[in-house]
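Colleague: Quick one: this structure, given as C-alpha cells, is what I'll be asking you about.
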Amino acid sequence: MASILEQARERVRATGARVTGARVKVLAVLLQADEALMHTEVQRRLEQGDAHELLDRVTLYRVLEWLVEAGLAHRVSGPDRVWRFSAHGDDAAAGTGHAHGAQHGHFKCRRCDRMFCMKPSSRLAGTVRGMLPDGFDGDAVELTVVGRCAECAAAEGGSPHEHGATSDGVGEGVALAVIPGR
Ligand SMILES: [Zn+2]
Ligand SMILES: [Zn+2]
Numbered sequence: 000m001a002s003i004l005e006q007a008r009e010r011v012r013a014t015g016a017r018v019t020g021a022r023v024k025v026l027a028v029l030l031q032a033d034e035a036l037m038h039t040e041v042q043r044r045l046e047q048g049d050a051h052e053l054l055d056r057v058t059l060y061r062v063l064e065w066l067v068e069a070g071l072a073h074r075v076s077g078p079d080r081v082w083r084f085s086a087h088g089d090d091a092a093a094g095t096g097h098a099h100g101a102q103h104g105h106f107k108c109r110r111c112d113r114m115f116c117m118k119p120s121s122r123l124a125g126t127v128r129g130m131l132p133d134g135f136d137g138d139a140v141e142l143t144v145v146g147r148c149a150e151c152a153a154a155e156g157g158s159p160h161e162h163g164a165t166s167d168g169v170g171e172g173v174a175l176a177v178i179p180g181r
C-alpha cells in the first residue's frame, strides 16, 4: 500500500491544502478499491489496513466531504440510496482539477449491489445533451448501467441465458439522468 499512500499524499498536497494523515489514508483506501465505497466500508478498510487508522464517524464524513470538495473524489448514490465514494475517474483530469465524475458513468451490479466507475469519456456529456428536447438545458449527466460485474458474471458463468458473456461486466440496462448542477 506504500505507493498508493504516496500517490494519495501527492494528490492531497497538489490541492495546496493541509496534508493530514486522515485525508491521505482515506484517499488511499478509495484509490485502492475497485468499487465505490460506503463510508462504513471505508471505515472497515481503514481499520483492517496497515494504517490501523481509527477515525470516528464524524471525522470520516468530514474527510470524505473534503475529498469531494477538493475534486479528489466523487460520490454516487447506490441502489439503496446510500452515498458511495470513489476516487476513480477523478484522475482522468489530473492537473485540470475538475473532473467531478461528470464525464463517466457508473455500473450497478444487481447481484452484489456494488457500484463501479466506468471509463471516463469526453464525449459522454455532449452525446447526452444532444438527446435533450429542444429548449432543455442540462447541467450534468449521470449515467448508470445495470448488470453483472465481471466477478458476478464469472460466478454465474454457464447460465442458459448467457448472451455471449465475456469476462467483462455484462450490461443489461442503462439508466440516464440529466441532473441539475449545484
Ligand atoms: Zn457483482
Ligand atoms: Zn465514479
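Take the sequence shown: its letters are residues 0 to 181, numbered as in numbering that gives the first Met the number 0.
Glycine included, C-beta positions come from ideal geometry on N, C-alpha and C.
Bear in mind that the values here come from a model prediction, so they are computed numbers and not experimental data.
Give a single yes or no on whether V75 has its beta carbon closer than 8 angstroms to a heavy atom of ligand 2.
Modeller: Translated into positions along the sequence shown, residue 75 becomes position 76. Flag set: Cβ of V75 near ligand 2.
Colleague: So what's A86 in DSSP terms, helix, strand or just coil?
Modeller: Locating residue 86 in the sequence shown gives position 87, counting from the first residue. It is coil, neither helix nor strand.
Colleague: Out of F115, E141 and M117, state which residue places its alpha-carbon closest to the alpha-carbon of G125.
Modeller: In the sequence shown, residue 125 corresponds to position 126, counting from 1. That would be E141, whose Cα lies nearest to the Cα of G125.
Colleague: Kindly examine ligand 1 and report whether one of its heavy atoms sits closer than 8 angstroms to the Cβ of C116.
Modeller: By one-based count along the sequence shown, residue 116 stands at place 117. No, the beta carbon of C116 sits no closer than 8 angstroms to any heavy atom of ligand 1.
Colleague: Answer yes or no: do P78 and R43 have a C-beta to C-beta separation smaller than 9 angstroms?
Modeller: Mapped onto the sequence shown, residue 78 falls at position 79. Mapped onto the sequence shown, residue 43 falls at position 44. Going by C-beta atoms, P78 is not nearer than 9 angstroms to R43.
Colleague: So if DSSP puts A35 in a beta bridge, which residue, or which two residues, is it bridged to?
Modeller: Here residue 35 corresponds to residue number 36 of the sequence shown, with the count starting at 1. Per DSSP, M114.
Colleague: Cβ atoms of H103 and K118: under 9 angstroms apart, would you say?
Modeller: Counting from 1 along the sequence shown, the entry for residue 118 is found at position 119. Counting from 1 along the sequence shown, the entry for residue 103 is found at position 104. Going by C-beta atoms, K118 is nearer than 9 angstroms to H103.
Colleague: Please work out which residues of its chain come closer than 8 angstroms, Cβ to Cβ, to V18, disregarding the five sequence neighbours upstream and downstream, and give them in chain order.
Modeller: For the purposes of this step, residue 18 is taken as the residue at position 19 of the sequence shown. Excluding residues within five positions, the ones whose Cβ falls inside 8 angstroms are R8, V11 and R12.
Colleague: Assuming the contact rule is C-beta atoms closer than 8 angstroms, F199 and L36 should be a hit. Round their C-beta distance to whole Å, please.
Modeller: Since the first residue shown for the chain is 0 and the last is 181, residue 199 is missing from the structure and cannot be characterised.
Colleague: According to DSSP, simplified to helix, strand and coil, what is R74?
Modeller: The residue given as residue 74 occupies position 75 in the sequence shown. Strand, per DSSP.
Colleague: Would you mind giving the Cβ-Cβ distance between V25 and L53, rounded to the nearest angstrom? I have them listed as a contact below 8 angstroms.
Modeller: As a first step, residue 25 is located in the sequence shown; it is residue number 26 there, counting from the start. As a first step, residue 53 is located in the sequence shown; it is residue number 54 there, counting from the start. Actually they do not touch by this definition, with Cβ atoms about 12 angstroms apart.
Colleague: Going straight from the alpha carbon of A21 to that of L59, what length do you get?
Modeller: Counted from its first residue, the sequence shown places residue 21 at position 22. Counted from its first residue, the sequence shown places residue 59 at position 60. Rounded to the nearest angstrom, the two C-alpha atoms are 8 angstroms apart.
Colleague: Starting from the N-terminal end, write out each residue whose C-beta falls within a distance shorter than 7 angstroms of any non-hydrogen atom of ligand 1.
Modeller: Working through the chain, the matches are C108, R110, C111, R113, R147, C148, E150 and C151.
Colleague: Closer than 8 angstroms to a non-hydrogen atom of ligand 4 - does that hold for the CB of A35?
Modeller: Among the ligands present in this structure, namely ligand 1 and ligand 2, ligand 4 is not found.
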